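Trainee:
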Amino acid sequence: MEVVCNLLRTVIHATPDDLLPVVYLFSCCIAPPHEGLEFGIGESTVLEVVADAYGIALDRIKEWNKKDLQIQCAEQTLLAALGQAAMYNEEDSKLPPEVQSPLEEVSHLIEISEKCVIARISSSDSFLQGWSTMLAIKVGHGEAADIVKQAYSVFPDFDKIVSALLTDGVWLLPKTCKFTLGVPVHPMLAKPINCVSDALTKFKGIEITCEYKYDGERAQIHYLENGLVEIYSRKSERITGKFPDVVAAVSRLKKIIVSSFVLDCELVAYDRAMHKILILQELSTRARKDVGTSDIEVNVCIFAFDLLYLNGQTLLQENLIIRREHLYASFEEESEFLQFATSITSNDAEEIQKLFDKAVGARQSIDIMQKKPNLMSGSKTVFEVKASDLTCSSEYPAAIGLVNPDKLLTFIVGGGDFTFSIKGSLRGARLVAVAKMYKAQEQRKESNKQSNMTNEDKDGDEDADKGDHRLSR
DNA sequence: CGTGTCTGCCC
DNA sequence: ATTCTGC
DNA sequence: GCAGAATGGGCAGACACG
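Numbered by the numbering used here, the letters in the first sequence go through residues 114 to 586 in order.
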């Protein structure tokens, strides 16, 4: 942290023009996520560089890496960077005169090196920590760090943030970098929790709201005043080109009074002939670039669950219940094209249980997908809980107002489909939470059964034992 | 022009 | 996406 | 409790190679 702060200070002081690139490098990216620019440097390249720098055959490195001498990401990049630095010092200690700054020096290094590597020193979050802490130190105020983080979560664009910080300072950041239609905000993510009763305990006495968590692709749809539509993924990638049908659907199904919006939803593969939801696998086979409406083979249904912006006004400061009301008022539902996520708001355990059971029951209408062992590996995660109180720190920051004064919470019950093959092994896992819930119940039943008949079952049916406890195998 | 490799992103 | 670990 | 790092399956797209 200190090192990062010092580095940033030094850069600001010595070579301010390098600040933006440095910021991007520290964030493991080279542009805002929605602009779709990538490094294109992965493990294989890094290993090549390591092999090159240390004079070891690439095959051997790869062999080692597969077996006992696993070099992890951080070590790989470090090794590569050190190796390159060593080579650089030996062979090219002199810099051409036109090199003015450390960043240019790095560029030069990359140019003279056959393979280049960008050491991933830290993740974007760490960077934000360092950057905001540095600011906090600079202005002698802890609030500064949070301001920067908040700004980034609603406006993830370092170009603007860095220049705004340099020109107008941190205190004006909420004004200079605020939510903008067309720029994706950081999505609200679900958090796992152990079981229904845990959730009820946690939110004791508080009215909670529960909804299905559909298994598809998260999408944040921006509809601009001029009718332009942009769709962003969970990681804020621009995926508009993959879903021309979704663009058409939201344009058609928004109500006439709606001139702009940001819709948070799950895009789920849907078979309109069979009237059923398809597994995620189907969705992922869709082409991703420049898809034409006539090219589409896998249709999708939009399951809408939140509205973040409406008719020129942000709704980020409203609580979820209000946002939902706006959502319901702003779109026409059309079965198999755009539906609102099934939800209830209640503090009654039985009612919640009912919704949960319904979600479990929904598996009947859903297709089978291929085994996903990792989903069944014995975790006790049952529900996904998404609560503004719990999650404001990692989702929408508290400061932009998602902590609800009236304590209304989003409580996402995992719902949806998984299914059993005829033989009885778990074949699909559409909604992880439900599958796991079911699994946990099975296990509980099984262990009860076993403890009840420990004595008779002396010869130990090992197959049944393993099969029942680890559906993944 | 197919095939295999690599990368990044979806979950 | 899940899981583990260290703070 | 939270953040970070490591982990898995599967896919399209970009690219190099023969």
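Glycine included, C-beta positions come from ideal geometry on N, C-alpha and C. If you're wondering where the values come from, they're calculated on a predicted model, not measured in any experiment.
#1: DSSP state of ARG122, grouped into three classes?
#2: Label GLU176 either buried or exposed according to how many other C-beta atoms from any shown protein chain fall within 10 Å of its C-beta, with 16 as the threshold for buried.
#3: Within the same chain, show all residues whose beta-carbon is closer than 7 Å to that of PHE444, passing over the 5 residues directly before and after it, in chain order.
#4: Residues in its own chain within less than 7 Å of TYR383 by CB, not counting five upstream and five downstream?
#5: When the distance is taken between beta carbons, is SER346 closer than 7 Å to ASN424?
#6: How about the stretch 335 to 346 and the stretch 281 to 298: do they share at least three Cβ pairs that are nearer than 8 Å?
#7: Answer with buried or exposed for LEU121, where buried requires no fewer than 16 other C-beta atoms within 10 angstroms of its C-beta.
#8: In chain order, what residues of the same chain lie with their CB nearer than 8 Å to the CB of GLU464, ignoring the 5 residues before and after it?
#9: If distances are taken between C-alpha atoms only, which option among GLY329, VAL261 and PHE268 comes closest to TRP284?
#10: On the DSSP bridge assignment, give the partners of HIS335 in chain order.
#11: If you draw a straight line from the alpha carbon of TYR137 to that of SER266, how long is it in whole angstroms?
#12: Could you tell me whether the Cβ atoms of TYR441 and PHE374 are closer together than 7 Å?
#13: So which of VAL298, ASP131, VAL163 and VAL135 has the shortest CA-CA distance to HIS147?
#14: Please say whether TYR327 and GLU410 have beta carbons closer to each other than 7 Å?
#15: Would you mind sorting PRO129 into buried or exposed? The rule is 16 or more other CB atoms within 10 Å of its CB.
#16: Is it true that the CB of ARG351 sits closer than 7 Å to the CB of GLY149?
#17: Once the 5 residues before and after VAL342 are set aside, which same chain residues still bring their CB inside 6 Å of it?
#18: Among PRO300, VAL381 and VAL275, which residue has its Cα nearest to the Cα of ALA454?
#19: Measuring only the C-alpha atoms, how far is LYS536 from LEU396?
#20: Is ARG436 buried or exposed, if buried means 16 or more other CB atoms sit within 10 Å of its CB?
#21: Give the range of the alpha helix (DSSP H) segment to which TYR441 is assigned.
#22: Just to confirm, is the Cβ distance from VAL163 to ILE174 under 7 Å?
#23: Which term fits ASP377, buried or exposed, when burial requires 16 or more other beta carbons within 10 angstroms of its beta carbon?
#24: Residues in its own chain within less than 6 Å of GLY282 by CB, not counting five upstream and five downstream?
#25: Assuming HIS439 and LEU429 are in contact, meaning their beta carbons sit under 8 Å apart, how far apart are those beta carbons, in whole angstroms?
#26: What is the rounded straight-line gap between the Cα of ASP403 and the Cα of GLN394?
#27: Tell whether a beta-carbon distance below 7 Å holds between ILE344 and PHE356.
#28: Nearest CA to the CA of VAL135: which residue from LEU160, ALA257, ASP272 and ASP259?
#29: Tell me the rounded alpha-carbon separation between ASP131 and PRO145.
#30: Alpha carbons only, please: which of VAL275, CYS142 and ASP461 is nearest the one belonging to CYS323?
#31: Could you tell me which residues DSSP pairs with GLN452 in its beta bridges?
#32: Identify whether GLU324 lies in helix, strand or coil by the three-state DSSP scheme.
#33: List the DSSP bridge partners of ARG351.
#34: Quick one: using the 10 Å Cβ neighbour count with 16 as the cut-off for buried, is VAL124 buried or exposed?
#35: On the DSSP letters alone, give me the boundaries of the alpha helix (DSSP H) that GLU176 sits inside.
Mentor: Based on what the coordinates show:
#1: In this structure, DSSP gives ARG122 a helical state, which the three-state scheme calls helix.
#2: The residue is exposed, with fewer than 16 neighbouring Cβ atoms inside 10 Å.
#3: If we look at PHE444 and ignore the five residues flanking it on each side, its Cβ neighbours are LEU366, LYS367, LYS368, ALA417 and LEU451.
#4: Closer than 7 Å at Cβ, skipping near neighbours: ILE390, LEU391, ASN412, VAL413, CYS414 and GLU449.
#5: Going by C-beta atoms, ASN424 is not nearer than 7 Å to SER346.
#6: Because the criterion of three Cβ pairs below 8 Å is met, the stretch 335 to 346 and the stretch 281 to 298 touch.
#7: LEU121 should be labelled buried.
#8: Cβ neighbours of GLU464 beyond the five flanking positions: ILE457.
#9: Looking at the Cα atoms, VAL261 is the closest of the given residues.
#10: When DSSP reads this structure, HIS335 sits in a beta bridge with GLU343 and VAL375.
#11: Distance between the alpha carbons of TYR137 and SER266 is about 16 Å.
#12: When the beta-carbon positions are compared, TYR441 and PHE374 stay at least 7 Å from each other.
#13: Nearest option by C-alpha distance: VAL298.
#14: In this structure, GLU410 sits away from TYR327, with a CB-CB distance that is not shorter than 7 Å.
#15: With fewer than 16 other beta carbons inside 10 angstroms of its own, PRO129 counts as exposed.
#16: Yes, these two residues count as a Cβ contact at 7 Å.
#17: Taken in chain order, the residues that qualify are TYR336 and VAL360.
#18: The candidate whose alpha carbon is nearest that of ALA454 is VAL381.
#19: Note on LYS536: pLDDT 18, under 50, position unreliable in the model; the coordinate value appears next. Each residue's Cα considered, the two are about 26 Å apart.
#20: Buried, by the Cβ-count rule.
#21: From DSSP, the alpha helix (DSSP H) with TYR441 extends over 433 to 443.
#22: Taking the C-beta atoms as reference points, ILE174 is found nearer than 7 Å to VAL163.
#23: Buried is the call here.
#24: Closer than 6 Å at the Cβ level, and outside the excluded window around GLY282, lies no residue.
#25: Wrong, their Cβ atoms sit about 12 Å apart, outside the cutoff.
#26: For ASP403 and GLN394, the distance between alpha carbons rounds to 20 Å.
#27: With contacts defined by Cβ atoms closer than 7 Å, ILE344 and PHE356 form a contacting pair.
#28: That would be ASP272, whose Cα lies nearest to the Cα of VAL135.
#29: If I take the Cα positions, the gap works out to 17 Å.
#30: Nearest of VAL275, CYS142 and ASP461 to CYS323, Cα basis: ASP461.
#31: DSSP lists PHE416 as partners of GLN452.
#32: Strand, per DSSP.
#33: TYR345.
#34: Per the 10 Å Cβ criterion, buried.
#35: Per DSSP, the unbroken alpha helix (DSSP H) holding GLU176 starts and ends at 171 to 179.
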